[in-house]
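Asks:
In our numbering, the protein residues as written are 49 to 149.
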């Protein structure tokens, strides 16, 4: 992963500032789609607003779901079969993962 497009809403300024201080920021091209602090339209409409920043295959990760880096790497290099438009990594056992939070 070399380029990251962040779709930001509430607390977007704080998130952008924190990421800018993180060591990984120097290794990535970080771009922000700022929907504003009062954005409340939901996940799918926010993706539609970000579509102008996407110009090819992309990997979608939401900030509130954490996946093993190995799994993410596999998805990032996977070839999409011609019969599919997308591949989704879905967390099916959310309750067991939240116990430690």
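We treat Cβ as the ideally placed atom computed from N, Cα and C, and that holds for glycine.
This one's a predicted model, so the numbers in the text were calculated from it and none came from an experiment.
What's the call for residue 76, buried or exposed, on a 16-neighbour Cβ count within 10 Å?
Replies: Here the question's residue 76 lines up with position 28 in the chain shown. Residue 76 should be labelled exposed.
Asks: Taking the straight line between their C-alpha atoms, what separation do you get for residue 125 and residue 60?
Replies: Position 77 of the chain shown, counting from 1, holds the residue named residue 125. Position 12 of the chain shown, counting from 1, holds the residue named residue 60. Cα to Cα, the separation comes out at about 29 Å.
Asks: Could you compute how far the alpha carbon of residue 92 sits from the alpha carbon of residue 123?
Replies: Residue 92 sits at position 44 when you count from the first residue of the chain shown. Residue 123 sits at position 75 when you count from the first residue of the chain shown. Those two C-alpha atoms are separated by around 21 Å.
Asks: CA-CA distance, residue 104 and residue 50?
Replies: As a first step, residue 104 must be located in the chain shown, where it is residue number 56. As a first step, residue 50 must be located in the chain shown, where it is residue number 2. Approximately 14 Å, taken between the alpha carbons.
Asks: So which of 79, 106, 56, 72 has the shortest CA-CA distance to residue 90?
Replies: As a first step, residue 90 must be located in the chain shown, where it is residue number 42. Nearest C-alpha to residue 90: 56.
Asks: In terms of residues, what are the limits of the beta strand (DSSP E) holding residue 77?
Replies: Counting from one through the chain shown, the residue named residue 77 turns up at place 29. Run containing residue 77: 77-82, per the beta strand (DSSP E) assignment.
Asks: The beta strand (DSSP E) spanning residue 56 covers which residue range?
Replies: Mapped onto the chain shown, residue 56 falls at position 8. Taken as a continuous stretch (DSSP letters only), the beta strand (DSSP E) holding residue 56 covers 51-56.
Asks: Rounded to whole angstroms, what's the CA-CA distance from residue 82 to residue 72? Just pull it up for me.
Replies: What you label residue 82 is simply residue 34 of the chain shown in a count that begins at 1. What you label residue 72 is simply residue 24 of the chain shown in a count that begins at 1. Those two C-alpha atoms are separated by around 21 Å.
Asks: Does the CB of residue 59 have a neighbour CB from chain D at under 7 Å?
Replies: Absent from the structure: chain D. Only one protein chain is present.
Asks: When the Cα atoms are used, what is the spatial distance from residue 68 to residue 79?
Replies: The residue labelled residue 68 in the question sits at position 20 within the chain shown. The residue labelled residue 79 in the question sits at position 31 within the chain shown. When rounded, the distance between both Cα atoms is 11 Å.
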